[in-house]
Each structure stands twice: as structure tokens, then as C-alpha cells.
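Here is the structure we will look at.
In the working numbering, the protein residues as written are 192 to 323.
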């Protein structure tokens, strides 16, 4: 028997919308007076900027780093610049955001499973391959 094990988000489906909503939920606990959620919702270029920063990180706390960059209008063009900002935030901040991100994700997933799943978009070509 052959088993194909795949990661759900980012492989089978595009999870950008879910990641952004979850990250903003966590961000609201770190920065309650932030207007970033309104900016992301009203300005497509802000959402695009977040999505452009995501590949520079690889863990949940990196979504928080991306939001920190946007909130503070920081100019990041290289991995080195991103890493400098990430390191300056420090391990306690990163750990806190990591925890808040997964707590927020779990709340979204358990309170409204269908709504949470609707934030994910499957990659049609990939699904076609899986169905063969």
C-alpha cells in the first residue's frame, strides 16, 4: 500500500485568507488599539503586502512579524532586513504571538468549523491529480 501524506494548508489549499484572519485575531490581543485590521480590510495593497512578506518566514510567529512590519510602515526588501526586525522583536514576543496565533486558530476552527474551512481555497489542479 502506498500512502501519500500531504500538508493541508499551502499544499492542498491556499490558506492565505485563513492565515491572515487568524494572524489579525492574534494581533488584536497584542495591539488592541491597532487600526491594522481596518487597513487590511479596506486596502487591497495592505493585504498584498502581507502576502508578500509571508514567504520570508516559516512559523506562526512570522505572521506576527509581517503584521508588525505593516503596522510600523517598515521597508523590507530582503531576508536580512526581515530577520533583523524579527530578531529585534525578541523570543518572548515571538513566543507570545505563536501562542496567540494557535489559540485564535483553534477558537475559529472549533466555534465555526464550516466558516473556518471556507477561508481555505483548494488548488483545482491539485485536487484533479488527487482524484485520479
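All C-beta atoms, glycine included, are put in the ideal place defined by N, C-alpha and C.
message: Just verifying my parser: in three-state terms, what is the DSSP assignment at residue 193?
response: In the three-state reduction of the DSSP assignment, residue 193 falls in the coil class.
- prompt: Considering only residues of the same chain and omitting the five flanking positions on each side of residue 285, which have a CB-CB separation below 6 Å?
  reply: So the list reads 252, once near-sequence residues are dropped.
query: Does the distance from the C-beta atom of residue 291 to that of residue 217 stay below 9 Å?
result: Contact flag set, yes.
query: Grouping DSSP H, G and I as helix and E and B as strand, with all else coil, what is residue 269?
result: In the structure shown, residue 269 sits in coil (DSSP, three-state: anything other than H, G, I, E or B).
task: In the DSSP assignment, find the alpha helix (DSSP H) that holds residue 311 and state where it starts and stops.
output: Segment: none, residue 311 is in no alpha helix (DSSP H) and carries neither H nor E.
message: Does residue 196 pass the burial test, meaning 16 or more other C-beta atoms within 10 Å, or should it be called exposed?
response: It counts as exposed.
field: Cβ pair count under 8 Å reaching 3, the segment 205-215 against the segment 276-283
entry: The answer is no - the segment 276-283 does not touch the segment 205-215, with fewer than three Cβ pairs under 8 Å.
task: Measuring alpha carbon to alpha carbon, tell me which of 223, 222, 211 and 301 ends up nearest residue 235.
output: Comparing Cα-Cα distances from residue 235 to each of 223, 222, 211 and 301, the minimum goes to 211.
Burial state of residue 313 (16 or more Cβ within 10 Å): Per the 10 Å Cβ criterion, exposed.
- prompt: Assuming residue 258 contacts residue 214 under a Cβ cut-off of 8 Å, what Cβ separation, rounded to an integer in Å, is found between them?
  reply: Indeed, because the Cβ distance is near 6 Å, the residues count as touching under 8 Å.
field: Three-way DSSP call (helix, strand, coil) for residue 224 in this model
entry: In the three-state reduction of the DSSP assignment, residue 224 falls in the coil class.
message: Excluding the 5 residues flanking residue 300 on each side, which residues of the same chain have their C-beta closer than 6 Å to its C-beta?
response: 307.
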